[in-house]
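Chains as they are written, first to last, in UniProt numbering: chain G, 1 to 288; chain W, 1 to 288.
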């Protein structure tokens, strides 16, 4: 039965490890009907999930704010992921933890005491093209402006249809990612990544009050800079300043640190990756 | 087996009529993971779905724009709903049609050729408290401002977590519904309803370019006004004008036409429902 053991992958769903082919949620699940859910994605390197505690802390905070029950301890989640890494035999994995409010409740109401749906998937990680880390990604500024009062932008929710459309907008403009400005015209973040610029020797990134996701890799980069005594600043800035930066890079847990070579029609930086971007990339690799 | 036939309800899922207890979608369904889906809700009266063709036209338009396959003809959907109404023995039903892009594809990409998930649920309609139609609902202006460039506000998507939070905001302020202004400070719509005011003998409602859902009941009300020679205008207006209106009402397919008695701390109208609101409510009832 070797062929089956190769084909079958396992997931964790509501307390049980099951083959992914048997993974299903109720048609009444609020995650499916109302986007009433949150998630985290992270990677494992050599079988070890990276920054799992930080991802779970963010998820636990979001779950609390949104009154979705999160029933597992960090130790339990850690053991489930370890089991899935072993059973699926994937050392370098894409890990997604999805938590929905569950099935039932009153339509758009935040009913309490609903049995949540907890799904953990461990899949092979498909790396980004390695050339991109040498040559940089190209970005475009999206036509969309995010409301500074949007109440869910700082949570990692499953409400991703807008992100799908913005990614499509970037693709149409032959770019890898789109920069989202907020309605105050300040740079906020990209569709699936946080953004940084290097200017006058400082690393500058939009402050959380631009209404962005508090990225785990974002914090890791800020910590790296602190340790290396690179001046950092969380601030408000416009695209005018961004395109004049010496270096620009974007971050998320899946692609780590990605240099940027172009924003709209403006070339960024003299060498890709820039000197400070290189230092941050190397320091990140050493943490893994 | 009488007790079972009372308990069991049927749904339509991907070509089959099945008991709702057996209704499930894959844990890889993009509706569940990415909110990659749209839906319609409507009512049936005496076994007849109201404005089904209009709902399906809107859904077909959204599906096309979002490149989600919609595989059924109007006749097929109509027959499925009829079967569910009969089998579930619910004449006055809440009907929800949900369409997701299905399972698979590349994360945030709008891949084509994914097998969509089509779900139709027919449940007993829980009417709103009849007192509300006599006394009116109370509204509050949400603190949230919707971006005028939000690319999904004019589709009825399953990305409803923001709506859940805004409903909770209204509840916290002891109101039934919340008014959403856009980032130009114009009244757009409510969380789950379109809004109308009567001023100087005219019925005025936010124009579609305030970035709202083109409601089926909204269009029906505009048609009613045209037939009754009540002047109508689709326009931009602020809350300053709204709270000075002679009458305010809100609409959706489930609650139909609902008078409004209060917005924040301002009392609206001399009698509830106002004269023109009453005419529209009566005319709507006659269409059913």
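Ideal placement from N, C-alpha and C gives every residue a C-beta, glycine not left out.
Below-9 Å beta-carbon distance, residue i vs any chain W residue
i, result
"residue 163 (chain G)", "yes"
"residue 110 (chain G)", "yes"
"residue 151 (chain G)", "yes"
"residue 32 (chain G)", "yes"
"residue 145 (chain G)", "yes"
"residue 307 (chain G)", "Lying before the first or after the last residue shown, residue 307 (chain G) is absent from chain G, which here runs from 1 to 288."
"residue 208 (chain G)", "no"
"residue 39 (chain G)", "yes"
"residue 141 (chain G)", "no"
"residue 100 (chain G)", "yes"
"residue 183 (chain G)", "yes"
"residue 288 (chain G)", "no"
"residue 66 (chain G)", "yes"
"residue 69 (chain G)", "no"
Inter-residue Cα distance where the pair is residue i and residue j
i, j, result
"residue 1 (chain G)", "residue 81 (chain G)", "Summary for residue 1 (chain G): the model assigns pLDDT 38, below 50, so the residue's position carries little reliability; its value from the coordinates is reported in the next sentence. Distance between the alpha carbons of residue 1 (chain G) and residue 81 (chain G): 25 Å."
"residue 254 (chain G)", "residue 190 (chain G)", "14 Å"
"residue 71 (chain G)", "residue 236 (chain W)", "47 Å"
"residue 187 (chain W)", "residue 90 (chain G)", "52 Å"
"residue 207 (chain G)", "residue 175 (chain W)", "34 Å"
"residue 203 (chain G)", "residue 97 (chain W)", "49 Å"
"residue 129 (chain W)", "residue 145 (chain W)", "29 Å"
"residue 198 (chain G)", "residue 280 (chain G)", "11 Å"
"residue 61 (chain G)", "residue 138 (chain W)", "32 Å"
"residue 283 (chain G)", "residue 266 (chain G)", "28 Å"
"residue 124 (chain G)", "residue 28 (chain W)", "15 Å"
"residue 50 (chain W)", "residue 167 (chain W)", "26 Å"
"residue 78 (chain W)", "residue 52 (chain W)", "8 Å"
"residue 136 (chain W)", "residue 83 (chain W)", "36 Å"
"residue 164 (chain W)", "residue 108 (chain G)", "5 Å"
"residue 269 (chain W)", "residue 151 (chain G)", "32 Å"
"residue 314 (chain G)", "residue 75 (chain W)", "Because chain G spans 1 through 288 in this model, residue 314 (chain G) falls outside it and cannot be assessed."
"residue 222 (chain G)", "residue 162 (chain W)", "30 Å"
"residue 251 (chain G)", "residue 103 (chain W)", "27 Å"
"residue 224 (chain G)", "residue 216 (chain G)", "12 Å"
"residue 134 (chain G)", "residue 36 (chain G)", "39 Å"
"residue 15 (chain G)", "residue 95 (chain W)", "32 Å"
"residue 246 (chain W)", "residue 149 (chain G)", "30 Å"
"residue 32 (chain G)", "residue 32 (chain W)", "4 Å"
"residue 67 (chain W)", "residue 99 (chain W)", "12 Å"
Candidates the options, of which the one nearest residue i by Cα
i, options, result
"residue 115 (chain G)", "G:30, G:89, G:124, G:173", "G:30"
"residue 34 (chain W)", "W:26, W:278, W:10", "W:26"
"residue 118 (chain W)", "W:185, W:234, W:17, W:162", "W:17"
"residue 42 (chain G)", "G:21, G:85, G:61", "G:85"
"residue 157 (chain G)", "G:112, G:65, G:143", "G:65"
"residue 201 (chain W)", "W:169, W:248, W:214, W:185", "W:248"
"residue 244 (chain W)", "W:257, W:261, W:229", "W:261"
"residue 232 (chain W)", "W:240, W:218, W:19, W:241", "W:218"
"residue 184 (chain W)", "W:283, W:101, W:239", "W:239"
"residue 126 (chain G)", "G:141, G:92, G:252, G:173", "G:92"
"residue 132 (chain G)", "G:270, G:257, G:192", "G:257"
"residue 220 (chain W)", "W:11, W:49, W:37, W:54", "W:54"
"residue 147 (chain G)", "G:140, G:165, G:211, G:87", "G:211"
"residue 20 (chain G)", "G:122, G:251, G:46", "G:122"
"residue 57 (chain G)", "G:142, G:87, G:155, G:242", "G:155"
"residue 196 (chain G)", "G:68, G:22, G:234, G:87", "G:234"
"residue 192 (chain G)", "G:209, G:214, G:173, G:172", "G:214"
Chain G contact for residue i (CB, 9 Å cutoff)
i, result
"residue 194 (chain W)", "no"
"residue 168 (chain W)", "yes"
"residue 97 (chain W)", "no"
"residue 191 (chain W)", "yes"
"residue 156 (chain W)", "no"
"residue 173 (chain W)", "no"
"residue 36 (chain W)", "yes"
"residue 148 (chain W)", "yes"
"residue 42 (chain W)", "no"
"residue 119 (chain W)", "yes"
Cβ of residue i within 9 Å of any chain A Cβ
i, result
"residue 160 (chain W)", "Protein chains G and W are contained in the structure displayed, whereas chain A is not."
beta-carbon residue i near the ligand MG non-hydrogen atom, thresh 8 Å
i, result
"residue 227 (chain W)", "Ligands are entirely absent from the displayed structure, and the ligand MG is therefore not among its contents."
Segment contact, 8 Å Cβ cut-off, at least three pairs: the region 102-116 of chain G with the region 41-56 of chain G: no
Short-range partners of chain W found in the region 122-139 of chain G, where Cβ spacing is below 7 Å: none
Chain G contacts from the region 12-29 of chain W (Cβ-Cβ distance under 8 Å): 13, 20, 23, 24, 25, 26, 27, 28, 29
Contact list for the region 259-273 of chain G against chain W, Cβ threshold 8 Å: none
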